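The sequence shown stops at residue 212 when you use UniProt numbering, and every number in between is there.
Where a beta carbon is used, it is the ideal one built from N, C-alpha and C, also for glycine.
Please read all numbers here as calculations on a predicted model, not as lab measurements.
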Amino acid sequence: SKSAIVSQLAQVRVLPILVTDDVDQAIRCVQTLAENGLPAVEITLRTPNAMTVLREVVRACPDVTVGAGTILTPAQLDAVRNSGATFGISPGITPVLAKAAAESGLPYFPGVGGASDLMLALEHGFDVVKLFPSDIVGSVKMAKALGGPFPDVKFCLTGGVTVESTPTLLQQSNVLCVGGSWMCPANLISANDWAAIAQLAAQAAAAGK
Ligand code: 3PG
4 SKSAIVSQLA
14 QVRVLPILVT
24 DDVDQAIRCV
34 QTLAENGLPA
44 VEITLRTPNA
54 MTVLREVVRA
64 CPDVTVGAGT
74 ILTPAQLDAV
84 RNSGATFGIS
94 PGITPVLAKA
104 AAESGLPYFP
114 GVGGASDLML
124 ALEHGFDVVK
134 LFPSDIVGSV
144 KMAKALGGPF
154 PDVKFCLTGG
164 VTVESTPTLL
174 QQSNVLCVGG
184 SWMCPANLIS
194 ANDWAAIAQL
204 AAQAAAAGK
């Protein structure tokens, strides 16, 4: 359920974002992240084979909360629901996608870049949103300012977040969590360097404490 996912994110506070097109590497990476303190992950739909990757990770990692990111269309949203993923995320919001997401019942976090996007999200009942890209429109000041007119909204900041910026971002009271790909970079995944990913994951989890 949405509330279960939000509570988990409120506890872990760091959501790794995985971009890879190889099923075995994706599974190994997700296991490594989970074993090192990051039990919820977002798998992006940015690669040609992403839907297969998503399905296989869901199947192989039943103890991990697996969501799908980069959802751009209602068709992708349907495919995500059928994959067994338990939540969806988008970099932005459109009326068509927001309506489809609200009707689908899938726990869903649309992306916003400012107040108008946020008003559209709220019209469709979404009060937990991704503020993207965080290093451009998702500063602590931005989250704080949006907290004025929208006191009940919680933000997941992603895009350009680092292990260094994480603790400061998480201090802002309406920031639920941060997300990012820094703990599972493409070069380490393609090198099968799980030890390095384990270390980055543990550091990221510690930064969320
Ligand atoms: C996202 O989907 O939110 C971003 O691609 C993650 O951004 P990062 O790669 O800068 O962490």
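- Under a 10 Å Cβ-count criterion, P19 is classified as buried, with 16 or more other Cβ atoms of the shown protein chains found around its own Cβ.
- One residue list follows from the rule of a beta carbon closer than 5 Å to any heavy atom of the ligand 3PG, given in chain order as I20, T161, G162, G163, G183, S184.
- Look at the beta carbons and you see the segment 175-193 not touching the segment 50-65: under three pairs across the two are nearer than 8 Å.
- Secondary structure at K102: helix, using DSSP grouped into helix, strand and coil.
- In the DSSP assignment, G91 is bridged to A71, Y111.
- Apart from the 5 residues on each side of it in sequence, L203 sits with its Cβ closer than 6 Å to the Cβ of M186 in its chain, given in chain order.
- DSSP places C64 in no beta strand (DSSP E); its state is neither H nor E.
- The three-state reading of DSSP puts I46 in strand, counting E and B together.
- In terms of Cα proximity to A29, the closest of L41, A88, A63, N39 is A63.
- DSSP places C187 outside both helix and strand once states are collapsed to three, so it counts as coil.
- Restricting attention to A148, K157, A88, the CA atom closest to the CA of R58 is found in A88.
- Proximity to P98 across D130, M122, D196 peaks at M122, based on C-alpha coordinates.
- With contacts defined by Cβ atoms closer than 7 Å, G162 and P136 form a contacting pair.
- Within the segment 129-188, the complete alpha helix (DSSP H) segments of 4 residues or longer fall at 137-140, 143-149, 169-174, listed in chain order.
- Annotation for V15: the continuous alpha helix (DSSP H) segment containing it runs 5-15.
- Counted as a single uninterrupted DSSP element, the alpha helix (DSSP H) harbouring T35 occupies residues 26-38.
- Looking only at G95, D81, I96, the smallest Cα-Cα distance to E106 is reached by D81.
- Pairing A148 with V132, the inter-Cα distance amounts to about 15 Å.
- Here L12 has L179, C180 as same chain residues with Cβ atoms under 6 Å from its own Cβ, once five neighbours each way along the sequence are excluded.
- Burial check for N39: the Cβ neighbour count within 10 Å reaches 16 or more, so the residue is buried.
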